[in-house]
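*Asks:* Once you've had a glance at the structure underneath, I'll fire off some questions.
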């Protein structure tokens, strides 16, 4: 990780995280027309459930290509986000989303046990994402029900 050279406020960190989420909703393109990867430090890390830990922009690009390749669309519900600030480089955002996976659509709360609720932990320094750990159920279409006794027979 790089040595900090620019002081950032919580609101500035939040704006970087929002730009990332909006770029994901826009097929990986930022509001300025750049790549979502431009928001990351060269040695950044991203962790996604069932994919693992990606280190560096090239590997993060593969992760996003793999995951994004399964999604037809995604929309985060910005007005419903909960933000938690650490007073340092870390911030957490909890939210909901809806969209369409190649296996079918999803919407947070429909059904209540299904995909669409998520939490991201960011480390943002020098206006770049250093780390983003994503916590969600990657079974967007809710098809993995047979392995859980409380969901058997539901879809």
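Residue numbers (UniProt numbering): 1 to 155.
Beta carbons are placed, not taken as given, at the ideal position from N, Cα and C, and that holds for glycine.
Since we're looking at a predicted model, the values are computed, not measured.
For the candidate residues 130, 153, 125, whose alpha-carbon lies nearest to that of residue 12?
*Replies:* Here residue 12 corresponds to residue number 12 of the chain shown, with the count starting at 1. Closest option to residue 12, Cα to Cα, is 125.
*Asks:* According to DSSP, simplified to helix, strand and coil, what is residue 50?
*Replies:* Translated into positions along the chain shown, residue 50 becomes position 50. Reduced to three states, the DSSP call for residue 50 is coil.
*Asks:* Express the C-alpha separation of residue 42 and residue 120 in angstroms, rounding to a whole number.
*Replies:* Here residue 120 refers to the residue found at position 120 when the chain shown is read from its first residue. Here residue 42 refers to the residue found at position 42 when the chain shown is read from its first residue. When rounded, the distance between both Cα atoms is 20 Å.
*Asks:* Can you name, in chain order, every residue of its own chain whose Cβ lies under 8 Å from the Cβ of residue 48, other than the five neighbours on each side?
*Replies:* Numbered from 1 along the chain shown, position 48 holds the residue referred to as residue 48. For residue 48, where only same-chain residues beyond five positions count, the Cβ hits under 8 Å are 54, 63, 67, 134, 138.
*Asks:* Starting from the Cα of residue 113, find the closest Cα among 148, 40, 38 and give me that residue.
*Replies:* Looking up residue 113 in the chain shown gives position 113. Nearest C-alpha to residue 113: 148.
*Asks:* When the Cα of residue 142 is compared with those of 127, 80, 51, 109, which residue comes out closest?
*Replies:* Indexing the chain shown from 1 puts residue 142 at position 142. For the residues 127, 80, 51, 109, the minimum Cα distance to residue 142 belongs to 109.
*Asks:* At what residue ranges does the UniProt domain "SnoaL-like" (19 to 131) contain a whole run of the beta strand (DSSP E), taking only runs of 3 or more?
*Replies:* Fully enclosed beta strand (DSSP E) runs of 3 or longer: 40 to 48, 52 to 55, 71 to 76, 82 to 85, 90 to 101, 104 to 107, 117 to 125.
*Asks:* Report the partner residues of residue 136 according to the DSSP bridge assignment.
*Replies:* Within the chain shown, residue 136 is the residue found at index 136, counting from 1. Bridge partners of residue 136: 118.
*Asks:* Would you call the CB atoms of residue 95 and residue 77 closer than 8 Å?
*Replies:* Here residue 95 corresponds to residue number 95 of the chain shown, with the count starting at 1. Here residue 77 corresponds to residue number 77 of the chain shown, with the count starting at 1. Yes, Cβ-Cβ distance for residue 95 and residue 77 is below 8 Å.
*Asks:* If you drop the 5 nearest sequence neighbours on each side, which residues of the same chain put their C-beta closer than 8 Å to that of residue 111?
*Replies:* Position 111 of the chain shown, counted from the start, is the residue given in the question as residue 111. Result list for residue 111: 142, 154, in chain order.
*Asks:* Applying the criterion that 16 or more other CB atoms from any shown protein chain within 10 Å of the CB defines a buried residue, is residue 102 buried or exposed?
*Replies:* Along the chain shown, read from residue 1 onward, the residue named residue 102 stands at position 102. Answer is exposed; the Cβ neighbour count stays below 16.
*Asks:* Please name the residue in 140, 37, 79 whose C-alpha comes closest to that of residue 61.
*Replies:* If you number the chain shown from 1, residue 61 lands on position 61. Of the candidates 140, 37, 79, the one whose C-alpha sits nearest the C-alpha of residue 61 is 37.
*Asks:* Please tell me whether residue 35 and residue 19 are closer than 8 Å, where the distance is taken between their beta carbons.
*Replies:* Translated into the one-based positions of the chain shown, residue 35 becomes position 35. Translated into the one-based positions of the chain shown, residue 19 becomes position 19. For residue 35 and residue 19, no; Cβs fall outside 8 Å.
*Asks:* For residue 143, name the three-state secondary structure that DSSP assigns.
*Replies:* Within the chain shown, numbered from 1, the residue matching residue 143 stands at position 143. If DSSP states are grouped into helix, strand and coil, residue 143 belongs with coil.
*Asks:* Let's test the definition: count the other Cβ atoms within 10 Å of the Cβ of residue 123 and tell me whether it reaches 16, buried, or not, exposed.
*Replies:* The residue you call residue 123 lines up with position 123 of the chain shown. The residue is buried, with at least 16 neighbouring Cβ atoms inside 10 Å.
*Asks:* For residue 97, count neighbouring Cβ atoms within 10 angstroms of its own Cβ and tell me buried if that reaches 16, exposed if not.
*Replies:* Residue numbering aside, residue 97 sits at position 97 when the chain shown is read from its first letter. Per the 10 Å Cβ criterion, buried.
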